[in-house]
Each structure stands twice: as structure tokens, then as C-alpha cells.
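These notes are about the structure you will find just below.
In our numbering, the protein residues as written are 17 to 151.
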């Protein structure tokens, strides 16, 4: 039996108005054989969690350029826990200063990929964390 494809939600939380990077990552993940659900711009954390729940995703990717990555990630992780989805890996990407990478991981982000990260590295990381989650 063929293993079901990995389903990834790519979300643009907050007031970011630039989504080219998120769309390029979404395309790269599709090319890597994953199913990608893209939320579009200006999503609230609540909308992201609701979509993740409805779409039964294997991972959530946040694309954040606004500088609000710490409070957004913290809120998302809390809401995922409230919904019984704390095991869904969250990957944060965008304009992430190096000094915040460990802070994001401490909040529960499975991985952090700042601007200019290699698409293959992102796809490989998602495969690895989803494989661990699926057992």
C-alpha cells in the first residue's frame, strides 16, 4: 500500500503583505511530492489552527516577514495544544534573526528556516519530522 502524501499547511499570519516566498516554498514542496494547502495573506492564528484541523495536515509552515514571529508562534503553539494538536510539527520561515532561532524552538517550533534557506533542506526536514510523527 502506498503511503499517503504529506499534507502541509503554508500560512501567512498577521499583516504581512508579501507572499512571494510562501508561494515559492509551497510550489517547491508540491514539486517534492507533498500536498500543500496555502492560506493566503492576513490569516489570524485562530484561522490557521482551524484550517490545520479541518485539512488534517501533517505539518504547518508559517511564513513571517513582519518581525512578529515570536508572539505569533507562541500563540499558535498554545492554540494547537488546546485543540489536541500539539504533535503537529510547526516550521517557521521568513525574516528570522539568528538570535531568535533558539527562542522559536523553545516555544515549540520543530524547525526554523530563515530567508534564503534551501528548498531541498526544507522538504527533507518536513519529511523527517512527519515520518517521526507517523511512526
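Cβ coordinates follow ideal geometry from the N, Cα and C atoms, glycine included.
A quick note: this is a predicted structure, and the numbers were derived from the prediction, not measured.
Coil, strand or helix - residue 96 by DSSP: When secondary structure is reduced to three states using DSSP, residue 96 falls in the helix class.
Run of the beta strand (DSSP E) containing residue 51, from where it starts to where it stops: Where residue 51 is concerned, the enclosing beta strand (DSSP E) stretches over 51-54.
Counted within 10 angstroms of its Cβ, other Cβ atoms place residue 157 as buried (16 or more) or exposed: The chain is shown from 17 up to 151; residue 157 falls before or after that span and cannot be answered.
Integer-rounded CB distance, given that residue 82 should sit under 8 Å from residue 124: Between residue 82 and residue 124 the Cβ distance is about 20 Å, and since that is not below 8 Å, they are no contact.
Residue 77 beta carbon less than 9 Å from that of residue 25: Yes.
Beta carbon of residue 137 nearer than 9 Å to that of residue 129: In this structure, the beta-carbon distance from residue 137 to residue 129 falls below 9 Å.
Delimiting residues of the beta strand (DSSP E) encompassing residue 112: No beta strand (DSSP E) holds residue 112; DSSP gives it neither H nor E.
Among 100, 28, 37, the one whose alpha carbon lies nearest that of residue 59: Relative to residue 59, the option among 100, 28, 37 whose CA is nearest is 28.
Pair within 9 Å by beta-carbon distance, residue 104 and residue 85: Result no, Cβ atoms of residue 104 and residue 85 do not sit closer than 9 Å.
Residue 64 versus residue 55 - alpha carbon distance: The alpha-carbon separation between residue 64 and residue 55 amounts to approximately 8 Å.
Chain-order list of residues whose beta-carbon lies under 7 Å from that of residue 52 (same chain, five-residue window excluded): 24, 26, 42, 45, 46.
Nearest neighbour of residue 90, chosen from 67, 111, 116, 70 [CA to CA]: Nearest C-alpha to residue 90 among 67, 111, 116, 70: 116.
As assigned by DSSP and simplified to three states, the class of residue 148: In the three-state reduction of the DSSP assignment, residue 148 falls in the helix class.
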